[in-house]
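As C-alpha coordinates, the structure follows; a few thoughts come after it.
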(Lines of atoms letter the chains of each structure in order from A; the text may use other names.)
(Lines give C-alpha, C1' and ligand atoms only; values in the text may rest on other atoms or scores of the structure.)
Protein backbone atom coordinates (compact mmCIF):
# COMPACT_ATOMS: atom_id res chain seq x y z
CA UNK A 25 0.00 0.00 0.00
CA UNK A 26 2.77 2.47 0.87
CA UNK A 27 4.41 1.76 -2.47
CA UNK A 28 1.15 2.70 -4.23
CA UNK A 29 1.08 6.03 -2.37
CA UNK A 30 4.70 6.64 -3.30
CA UNK A 31 3.87 6.05 -6.95
CA UNK A 32 0.89 8.35 -6.69
CA UNK A 33 3.07 11.01 -5.14
CA UNK A 34 5.42 10.75 -8.12
CA UNK A 35 2.45 11.01 -10.47
CA UNK A 36 1.12 14.01 -8.55
CA UNK A 37 4.52 15.67 -8.64
CA UNK A 38 4.62 15.11 -12.39
CA UNK A 39 1.32 16.96 -12.63
CA UNK A 40 2.73 19.81 -10.54
CA UNK A 41 5.75 19.90 -12.86
CA UNK A 42 3.50 20.08 -15.91
CA UNK A 43 1.41 22.85 -14.38
CA UNK A 44 4.49 24.92 -13.53
CA UNK A 45 5.70 24.56 -17.09
CA UNK A 46 2.38 25.28 -18.80
CA UNK A 47 0.87 27.93 -16.53
CA UNK A 48 3.64 29.61 -14.57
CA UNK A 49 6.64 29.46 -16.96
CA UNK A 50 8.16 32.83 -16.02
CA UNK A 51 11.05 32.54 -18.48
CA UNK A 52 8.94 31.33 -21.41
CA UNK A 53 10.43 27.91 -22.12
CA UNK A 54 7.20 25.93 -22.50
CA UNK A 55 7.48 23.79 -25.60
CA UNK A 56 11.30 23.87 -25.69
CA UNK A 57 12.24 20.23 -25.38
CA UNK A 58 15.70 20.92 -23.99
CA UNK A 59 14.17 22.97 -21.18
CA UNK A 60 11.57 20.40 -20.11
CA UNK A 61 13.23 20.08 -16.69
CA UNK A 62 13.74 23.83 -16.15
CA UNK A 63 11.47 24.08 -13.09
CA UNK A 64 12.11 20.64 -11.59
CA UNK A 65 14.07 22.05 -8.67
CA UNK A 66 10.90 23.81 -7.46
CA UNK A 67 8.43 20.93 -7.81
CA UNK A 68 9.32 19.25 -4.52
CA UNK A 69 8.89 22.37 -2.41
CA UNK A 70 5.65 23.30 -4.15
CA UNK A 71 4.32 19.79 -3.55
CA UNK A 72 5.30 19.92 0.14
CA UNK A 73 3.65 23.32 0.49
CA UNK A 74 0.53 22.02 -1.21
CA UNK A 75 0.10 18.66 0.48
CA UNK A 76 2.12 18.58 3.71
CA UNK A 77 1.98 22.20 4.82
CA UNK A 78 -1.51 22.80 3.40
CA UNK A 79 -0.34 26.25 2.27
CA UNK A 80 -2.82 28.78 0.99
CA UNK A 81 -3.09 29.96 -2.58
CA UNK A 82 -1.50 33.24 -1.49
CA UNK A 83 1.49 31.52 0.15
CA UNK A 84 2.17 29.40 -2.93
CA UNK A 85 1.78 32.41 -5.22
CA UNK A 86 4.24 34.35 -3.08
CA UNK A 87 6.72 31.46 -3.24
CA UNK A 88 6.45 31.25 -7.05
CA UNK A 89 6.81 35.00 -7.42
CA UNK A 90 9.82 35.00 -5.08
CA UNK A 91 11.53 32.29 -7.13
CA UNK A 92 11.08 34.29 -10.31
CA UNK A 93 12.38 37.51 -8.76
CA UNK A 94 15.08 36.35 -6.36
CA UNK A 95 16.38 33.14 -7.95
CA UNK A 96 15.78 33.77 -11.63
CA UNK A 97 16.51 37.47 -11.47
CA UNK A 98 13.37 38.59 -13.29
CA UNK A 99 11.85 42.00 -12.87
CA UNK A 100 8.63 42.23 -10.89
CA UNK A 101 5.64 43.08 -13.06
CA UNK A 102 1.88 42.65 -12.97
CA UNK A 103 1.83 39.74 -15.42
CA UNK A 104 4.26 37.75 -13.26
CA UNK A 105 2.14 38.46 -10.19
CA UNK A 106 -0.99 37.31 -12.02
CA UNK A 107 0.68 34.24 -13.48
CA UNK A 108 1.99 33.20 -10.05
CA UNK A 109 -1.46 33.69 -8.49
CA UNK A 110 -3.25 31.82 -11.28
CA UNK A 111 -0.80 28.92 -11.06
CA UNK A 112 -1.11 28.76 -7.27
CA UNK A 113 -4.91 28.67 -7.54
CA UNK A 114 -4.70 25.83 -10.06
CA UNK A 115 -2.36 23.92 -7.77
CA UNK A 116 -4.63 24.33 -4.74
CA UNK A 117 -7.56 23.20 -6.88
CA UNK A 118 -5.69 19.92 -7.46
CA UNK A 119 -5.30 19.23 -3.73
CA UNK A 120 -8.63 17.35 -3.29
CA UNK A 121 -7.86 15.18 -6.28
CA UNK A 122 -4.36 14.42 -4.99
CA UNK A 123 -5.82 13.48 -1.58
CA UNK A 124 -8.08 10.81 -3.07
CA UNK A 125 -5.19 8.93 -4.63
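In my numbering, the protein residues as written are 25 to 125. Here a beta-carbon is modelled for each residue, glycine too, at the ideal position from N, C-alpha and C. Note that the structure is a prediction, hence the values are computed from the model and not measured.
Return the Cβ separation of residue 88 and residue 108 in integer angstroms, given the expectation that the two are a contact with Cβ distance under 8 Å. For a cut-off of 8 Å, the C-beta gap from residue 88 to residue 108 is around 4 Å, short enough to register as a contact.
At 3 residues or longer, what runs of the beta strand (DSSP E) sit wholly inside the segment 44-104? Secondary structure within the segment 44-104: not one fully enclosed beta strand (DSSP E) run of 3 or more consecutive residues is present.
Can you tell me which of the three DSSP states residue 124 falls into? Residue 124: coil per DSSP, three-state reduction.
With 16 other Cβ atoms within 10 Å as the buried cut-off, status of residue 56: With fewer than 16 other Cβ atoms within 10 Å, it is exposed.
In chain order, what residues of the same chain lie with their CB nearer than 8 Å to the CB of residue 80, ignoring the 5 residues before and after it? Taken in chain order, the residues that qualify are 116.
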